[in-house]
Amino acid sequence: MKPESVFKKIVTDPTNPFQVLAYAEYKMDKHEIAERFSQSGQSEQQLQLELKRFHDAVLDCPRLIKSYHFRALNIGNGLLEGVKDNLIKTANQDFIERVLQLQKQQQSPAYRVIRFFLEGLKNLTATNLAMILFSGVYALTLNKSERQKLLPAVTQSVMGLINGEVPVIDSYRHHTDSLQIVD
């Protein structure tokens, strides 16, 4: 009589990945038994006898075969859920990136110009705040008489800028006006 194969009992359709996975679970259990016996110092003959008992127990118990199928199904479902979650996450990220690209493409030139000027205004405001902060720190290092002179000088400079006076440009104009051009 030819011995029955656990593979044929567990895997009735070799193209079914869940059945192949169930057989892999059986082989892992068999390997675990062999490892345990090897570590306990049992003889090779005792190991082979225990593996034969396990083999026969699986063949004789349809519930064990069903439990391997169930374990394989759980592992397969876990894999599928992981792949599905990863695909959804990737698809969501791709969708968000594509929407952002479309928004950038659909922005009108007027919107881009306004945004450019608003960014510039934001940067100018930050620069002015930094200048005020550093001026305040600098003023703390001055004595009282120097501080009294500082406020009118700052006020005059700010008013000059508001009125359109730029010291470097005004100085350049003054010097070029004073030069005599000879023909």
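Residue numbers (our numbering): 1187 to 1369. Note that beta-carbon positions come from the ideal geometry of N, C-alpha and C, so glycine has one too. As the structure is a prediction and not an experimental result, all values here were calculated from the model.
Rounded straight-line distance, which links the Cα of residue j to that of residue i
i: residue 1290; j: residue 1298; result: 9 Å
i: residue 1242; j: residue 1212; result: 12 Å
i: residue 1308; j: residue 1278; result: 33 Å
i: residue 1227; j: residue 1272; result: 45 Å
i: residue 1187; j: residue 1248; result: Unreliable placement is indicated for residue 1187, whose pLDDT of 35 sits below 50; the coordinate value is still reported in the next sentence. The straight-line gap from Cα to Cα measures roughly 21 Å.
i: residue 1194; j: residue 1275; result: 39 Å
i: residue 1283; j: residue 1294; result: 19 Å
i: residue 1322; j: residue 1270; result: 59 Å
i: residue 1229; j: residue 1237; result: 12 Å
Assigned exposure category for residue i - 16 Cβ within 10 Å defines buried
i: residue 1217; result: exposed
i: residue 1360; result: exposed
i: residue 1342; result: exposed
i: residue 1254; result: buried
i: residue 1196; result: buried
C-beta atoms of residue i and residue j nearer than 8 Å
i: residue 1257; j: residue 1220; result: no
i: residue 1223; j: residue 1233; result: yes
i: residue 1244; j: residue 1206; result: no
i: residue 1302; j: residue 1259; result: no
i: residue 1336; j: residue 1347; result: no
i: residue 1333; j: residue 1339; result: no
Please specify which runs of the alpha helix (DSSP H), each continuous and at least 4 residues long, are wholly inside the segment 1199 to 1268, giving them in chain order. 1203 to 1225, 1230 to 1246
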